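Quick note, the working numbering runs 343 ahead of the 1-based positions in the sequence shown. For every residue, glycine included, the Cβ atom is placed at its ideal position computed from N, Cα and C. Given the structure is predicted, the values throughout are model-derived calculations rather than measurements.
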Amino acid sequence: MGKDKLKRFAEMEDFSNVLQPEMEDIKGGHEWKGKWSQEFFGNDKPIILELGCGKGEYTVGLARRYKDYNFIGVDIKGARIWRGAKTCLEEGIDNAGFIRTKVDFIDQYFGENEVAEIWLTFSDPQPKRPRKRLTSPLFMARYKQFLRPDGVINVKTDSDLLFEYTLEQIEEHNYKNHMHSWDVYGELLPQTPEEDEIHYKMGIRTFYESKWLAQDIKTKYVRFSID
Numbered sequence: 344m345g346k347d348k349l350k351r352f353a354e355m356e357d358f359s360n361v362l363q364p365e366m367e368d369i370k371g372g373h374e375w376k377g378k379w380s381q382e383f384f385g386n387d388k389p390i391i392l393e394l395g396c397g398k399g400e401y402t403v404g405l406a407r408r409y410k411d412y413n414f415i416g417v418d419i420k421g422a423r424i425w426r427g428a429k430t431c432l433e434e435g436i437d438n439a440g441f442i443r444t445k446v447d448f449i450d451q452y453f454g455e456n457e458v459a460e461i462w463l464t465f466s467d468p469q470p471k472r473p474r475k476r477l478t479s480p481l482f483m484a485r486y487k488q489f490l491r492p493d494g495v496i497n498v499k500t501d502s503d504l505l506f507e508y509t510l511e512q513i514e515e516h517n518y519k520n521h522m523h524s525w526d527v528y529g530e531l532l533p534q535t536p537e538e539d540e541i542h543y544k545m546g547i548r549t550f551y552e553s554k555w556l557a558q559d560i561k562t563k564y565v566r567f568s569i570d
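What follows is the structure, given as structure tokens:
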């Protein structure tokens, strides 16, 4: 492991906005399950999750604008989380935090109706393992355990495979498709009034999105509900 990574891991141990639980901590459910806003943020604001958050671009970007919500980025890669957490501390963003864990265990962290919204930003399309896709029935069953009845899931991706699969899941399981586009910047935004909040939300660019756009790969987006 490189010296920079080791330095970041050591620094992150003292970050007040990062939680790095051990497996023992989540057996039977994390102790803050059902009360993250109160215990982690000291308030009762609704929670929005970014799963597989990478460097936390969406967690940070959304937290900057939407102060009436608490945002939590989740990723197993500590070196990536470090960037988002560091930015929040530097800018005094107090409505965002991070959990270093596998998304596979997400239902052990949050309680019934605790989460208002989920963002899945440029997730691994898992071409050979459909069950591991973050919009598979396996993960939808996990989300249902803590997502509010009026909660929504946002998927922003470069992958045609993952996007088509997600649309198929929405149709097959009769989920409510609020909006979707195969080309965010060439189709969705030009057809949407500039004052619409979707312009800000889509304007947040992740490291991976910038990489794919430079290769002329279109960004896809869908917003849907599972209840």
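Do residue i and residue j have their C-beta atoms within less than 8 Å of each other?
i, j, result
"Ser434", "Gly377", "According to the sequence shown, residue 434 is Glu rather than Ser. No, these two residues do not count as a Cβ contact at 8 Å."
"Phe550", "Gly440", "no"
"Glu530", "Gly494", "no"
"Leu405", "Leu463", "no"
"Arg443", "Asp418", "yes"
For residue i, count the other beta carbons within 10 Å of its own beta carbon; 16 or more makes it buried, fewer makes it exposed. Which is it?
i, result
"Glu537", "exposed"
"His516", "exposed"
"Arg566", "buried"
"Met366", "exposed"
"Tyr508", "buried"
"Ala428", "buried"
List the residues that DSSP assigns as beta-bridge partners of residue i.
i, result
"Trp375", "None, per the DSSP bridge assignment."
"Asp418", "Arg443"
"Trp462", "Glu393 and Asn497"
"Leu362", "Ile442"
"Asn413", "Ile390"
"Lys519", "Ser568"
Helix or strand or just coil, what does DSSP make of residue i?
i, result
"Ser524", "strand"
"Tyr564", "strand"
"Leu504", "helix"
"Phe477", "It is worth fixing the name first, because residue 477 is Leu in this sequence and not Phe. Here Leu477 sits in coil by DSSP."
"Arg491", "strand"
"Lys388", "coil"
"Lys350", "helix"
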